[in-house]
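For the sequence shown, my numbering begins at 45 and goes up steadily by one.
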Amino acid sequence: MIRLQLVAPKPVKSPESQIDDARWVAMMIEDDRFKSLMESMGDSCIREWSESKTLEAREQAYTKLQGLRLIESELQRMMDSGVRAAKVAREPNQPD
45 MIRLQLVAPK
55 PVKSPESQID
65 DARWVAMMIE
75 DDRFKSLMES
85 MGDSCIREWS
95 ESKTLEAREQ
105 AYTKLQGLRL
115 IESELQRMMD
125 SGVRAAKVAR
135 EPNQPD
């Protein structure tokens with residue numbers, strides 16, 4: 045069961061931290077073992093969904109697949125933030 049909790053907003057990360065996160069994500073998604081793991085889990089969820097006999101089983105498989113998609117979108121968000129931070133860091137400072 046998923047439990048929702050109200051928490052304080054995440055602190056804003058420094059540009060250096062965002063760039064480090066993006067590098068970490070890039071290293072991870074380039075790893076063949078990670079790619080294989082994500083593909084295998086996605087395929088397993090789809091197979092589980094297609095072979096399900098009940099609505100509840102299909103909903104569980106679909107929920108798992110949505111969780112994988114959430115992981116992928118969060119990794120993409122981290123990459124995008126790091127790329128933006130790197131671009132800003134490379135731009136010359138604008139005069140005031």
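We put the beta carbon where it would ideally sit given N, CA and C, even for glycine.
*Is the region 63-83 in contact with the region 128-137, if contact means three or more CB pairs nearer than 8 Å?*
yes
_Other residues of its chain near methionine 122: CB distance less than 7 Å, five sequence neighbours each side excluded_ = By 1-based counting over the sequence shown, the position of residue 122 is 78. Taken in chain order, the residues that qualify are Asp65, Ala66, Val69.
*State the Cα-Cα distance for the pair threonine 107 and glutamate 92, rounded to the nearest angstrom.*
In the sequence shown, residue 107 corresponds to position 63, counting from 1. In the sequence shown, residue 92 corresponds to position 48, counting from 1. Rounded to whole angstroms, threonine 107 to glutamate 92 spans 11 Å at the Cα level.
*Pick out whichever of Arg113, Glu116, Cys89 has its Cα sitting closest to the Cα of glutamate 103.*
Indexing the sequence shown from 1 puts residue 103 at position 59. Checked all of Arg113, Glu116, Cys89; the closest Cα to glutamate 103 is Cys89.
*Are there 16 or more other CB atoms within 10 angstroms of the CB of alanine 133, so buried, or fewer, so exposed?*
Position 89 of the sequence shown, counted from the start, is the residue given in the question as residue 133. Exposed, since its Cβ has fewer than 16 Cβ neighbours within 10 Å.
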